[in-house]
């Protein structure tokens, strides 16, 4: 007598991602791995060989694919305004990866990729950089660690349009464990027009 394992289905938050052009149908492989992560990707400094930031992003996504990391989906590339003292516009995207690595181990791997692309992790936090890879969310909920410094969800997740816009393209229903809102709702709340302050001001 033989038995069969019940078929596994994609998590609800990924249902809309499967309809997009950047979806990789790799669920059997993904279920062999332990964790799903949402990764933010950014660049605002040209690479001497690859070229402009919008050319760096696809190369960075390809670099994420390793023997123990699968790229399940990635967003389109968007352009965003610079933050802090940098005057260069950013190219931004997001990717969903599956891996057995825990958050600190994946963070170390992301830093290795950044270094391979020429990222120097010193100086001003908002300086121009060839590549920036951030863990935004993971399937384990929240994570906080001081060595290395790592907080999940990413502290800027809820307040940055250049993070939420590409994330919403591939994981609109992935829920932020801090606010309880999913990516789509966070993006809608961030983009909501601000009410005018009608309080009389004294001069």
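In this note's numbering, the protein residues as written are 1037 to 1239.
Using N, Cα and C, we set each Cβ at its ideal position, and we do this for glycine too.
The structure displayed is predicted, hence computed values, not measured ones.
| Query | Result |
| --- | --- |
| Whether residue 1112 touches residue 1127 by CB criterion (8 Å) | no |
| 8 Å contact criterion, which residue 1079 and residue 1089 should meet: CB distance rounded | 4 Å |
| Beta-bridge pairing of residue 1107 - partner residues as DSSP gives them | 1133 |
| Residue 1154 - DSSP class collapsed to helix/strand/coil | coil |
| Selected residue, minimal CA-CA separation from residue 1172, among 1189, 1077, 1108 | 1189 |
| Residue range of the beta strand (DSSP E) that includes residue 1071 | 1071-1079 |
| Backbone CA spacing between residue 1102 and residue 1075 [nearest angstrom] | 15 Å |
| Which residues DSSP lists as bridging residue 1083, in chain order | 1087 |
| Contiguous alpha helix (DSSP H) assignments of at least 4 residues, all confined to the stretch 1181-1229 | 1197-1206, 1219-1227 |
| Residue environment, residue 1115, which counts as buried when at least 16 other CB atoms sit within 10 Å | exposed |
| Whole-angstrom C-beta distance between residue 1071 and residue 991, which should lie under 8 Å | The structure shown has nothing for residue 991, since the chain only spans 1037 to 1239. |
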